[in-house]
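Trainee: One structure coming up, written as structure tokens, with questions to follow.
Residue numbers (our numbering): 55 to 345.
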């Protein structure tokens, strides 16, 4: 088990990076998951049939995928550390020296899945890192990025302890630190070969898949305007603060309406993440509205 301590000086000098390669790895992971998160249903219904058809036509890719768990890919592939100064509108897949099978799989996924969505994904990822920066400026990095992974810990003195089985021995000096948002369920660590730079890939606060935000008028008549707008705002998992920002309601009012929606089983909210999402019942209700 490897432990790296990131100093407060490294945190103060940290930067953010956006990576098409990281997001493409995340997309393959979601497409290959056996038990995906419930809010990804619509996205999977759009992309998974073509993904599975591609695997059926390329048995060597299906075999590689079956032999590797998505959680192990970042380490197994030795993904490069993203360049914070690179143009994130351009794919960085060519910079990665990957084995043939995953390189082919990632190239297909970028071309057919991620690239058409990339402008929307990029907007959401940029919004996430903007929020993180502002929160860090006001409340410190532990408040800005409280959940980096079950094994990582913020220490009382403000340092960050990163722990994974695959980390090598810590470098003599604290590495340059990059934070990289992704739509993956879990993040990962990505050190460079000299261990002087470390990318901490973390799950963004909302899965960056575009969706409608305005509820049909008929839903407002059924549930009330405020609750209808809350359901529409839950096209991605969001916490109470995010919902208040998007709807213009106070956090206390959001909590009151969420309580009603939870009781009606239109909304679910795992206690471990503090975020809420629409249930299958809510999705069916929305899709049945005439507009």
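In this text, a Cβ means the ideal position worked out from N, Cα and C, and glycines have one as well. Quick caveat: nothing in here was measured; it's all calculated off a predicted structure.
Just to confirm the assignment, what range does the beta strand (DSSP E) spanning residue 238 have?
Mentor: Here the question's residue 238 lines up with position 184 in the chain shown. Neither: residue 238 is in no beta strand (DSSP E) and is coded neither H nor E.
Trainee: Roughly how many angstroms lie between the CA atoms of residue 87 and residue 118, to the nearest whole one?
Mentor: Taking the first residue of the chain shown as position 1, residue 87 is located at position 33. Taking the first residue of the chain shown as position 1, residue 118 is located at position 64. Using only the alpha carbons, I get a separation of about 15 Å.
Trainee: Helix, strand or coil: how does DSSP classify residue 251 here?
Mentor: Taking the first residue of the chain shown as 1, we reach residue 251 at position 197. Strand at residue 251.
Trainee: Are there three or more Cβ pairs, one per stretch, closer than 8 Å when the stretch 200-211 is compared with the stretch 129-146?
Mentor: Touching, no, given that fewer than three Cβ pairs across the two stretches are closer than 8 Å.
Trainee: Which residues bound the alpha helix (DSSP H) around residue 101?
Mentor: By one-based count along the chain shown, residue 101 stands at place 47. Taken as a continuous stretch (DSSP letters only), the alpha helix (DSSP H) holding residue 101 covers 95-111.
Trainee: Could you check whether the stretch 150-161 touches the stretch 62-79, counting it as contact only if at least three pairs of C-beta atoms, one from each stretch, sit closer than 8 Å?
Mentor: yes
Trainee: If I measure Cβ to Cβ from residue 91 and keep anything under 7 Å in the same chain, skipping five residues before and after, which residues do I get?
Mentor: The residue you call residue 91 lines up with position 37 of the chain shown. Correct list, in chain order: 239.
Trainee: Could you round the C-beta distance between residue 330 and residue 273 to whole angstroms and report it? I think they count as a contact, below 8 Å.
Mentor: Start at 1 with the first residue of the chain shown, and residue 330 comes out as number 276. Start at 1 with the first residue of the chain shown, and residue 273 comes out as number 219. Between residue 273 and residue 330 the Cβ distance is about 17 Å, and since that is not below 8 Å, they are no contact.
Trainee: Could you tell me which residues DSSP puts in a beta bridge with residue 218?
Mentor: Position 164 of the chain shown holds residue 218. BP columns for residue 218 point to 56.
Trainee: With contact counted as at least three CB pairs below 8 Å, one residue from each stretch, are the stretch 210-218 and the stretch 57-67 in contact?
Mentor: yes
Trainee: Is the beta carbon of residue 254 closer than 8 Å to that of residue 243?
Mentor: On the chain shown, residue 243 is found 189 positions in, with the first residue counted as 1. On the chain shown, residue 254 is found 200 positions in, with the first residue counted as 1. It is a contact, given that the beta carbons lie within the stated cut-off.
Trainee: Could you check if residue 228 is buried or exposed, using at least 16 other CB atoms within 10 Å of its CB as the buried criterion?
Mentor: In the chain shown, counting from the first residue as 1, residue 228 sits at position 174. When all chains shown are included, residue 228 counts as buried.
Trainee: By how many angstroms is the C-alpha of residue 332 removed from the C-alpha of residue 132?
Mentor: For the purposes of this step, residue 132 is taken as residue 78 along the chain shown, with counting starting at 1. For the purposes of this step, residue 332 is taken as residue 278 along the chain shown, with counting starting at 1. So the two alpha carbons sit approximately 36 Å from each other.
Trainee: Compute the distance between the beta-carbons of residue 241 and residue 303, then report whether it is under 8 Å.
Mentor: Residue 241 sits at position 187 when you count from the first residue of the chain shown. Residue 303 sits at position 249 when you count from the first residue of the chain shown. Going by C-beta atoms, residue 241 is not nearer than 8 Å to residue 303.
Trainee: In the DSSP assignment, the alpha helix (DSSP H) including residue 300 goes from what residue to what residue?
Mentor: Walking along the chain shown from the start, residue 300 turns up at place 246. Segment 294-301, the alpha helix (DSSP H) holding residue 300.
Trainee: For the stretch 276-295 and the stretch 308-321, state whether three or more C-beta atom pairs, one from each stretch, are separated by less than 8 Å.
Mentor: yes
Trainee: Measuring straight from C-alpha to C-alpha, what distance separates residue 282 and residue 67?
Mentor: Residue mapping note: residue 282 aligns to position 228 of the chain shown, counting from 1. Residue mapping note: residue 67 aligns to position 13 of the chain shown, counting from 1. As the crow flies, the alpha-carbon of residue 282 is around 42 Å from that of residue 67.
Trainee: Output the distance between the C-alpha atoms of residue 232 and residue 127, rounded to the nearest integer angstrom.
Mentor: Along the chain shown, one-based indexing puts residue 232 at 178. Along the chain shown, one-based indexing puts residue 127 at 73. When rounded, the distance between both Cα atoms is 19 Å.
Trainee: Take residue 85 as the anchor and find which of 124, 279, 196 has the nearest alpha-carbon.
Mentor: Counted from its first residue, the chain shown places residue 85 at position 31. The candidate whose alpha carbon is nearest that of residue 85 is 124.
Trainee: Using the rule of at least 16 other Cβ atoms within 10 Å of the residue's Cβ for burial, across every protein chain shown, is residue 170 buried or exposed?
Mentor: What you label residue 170 is simply residue 116 of the chain shown in a count that begins at 1. Exposed: under 16 other Cβ atoms inside 10 Å.
Trainee: Quick one: is residue 276 buried, meaning 16 or more other Cβ sit within 10 Å of its Cβ, or exposed?
Mentor: Within the chain shown, residue 276 is the residue found at index 222, counting from 1. Classification of residue 276: exposed, given that the 10 Å Cβ count is below 16.
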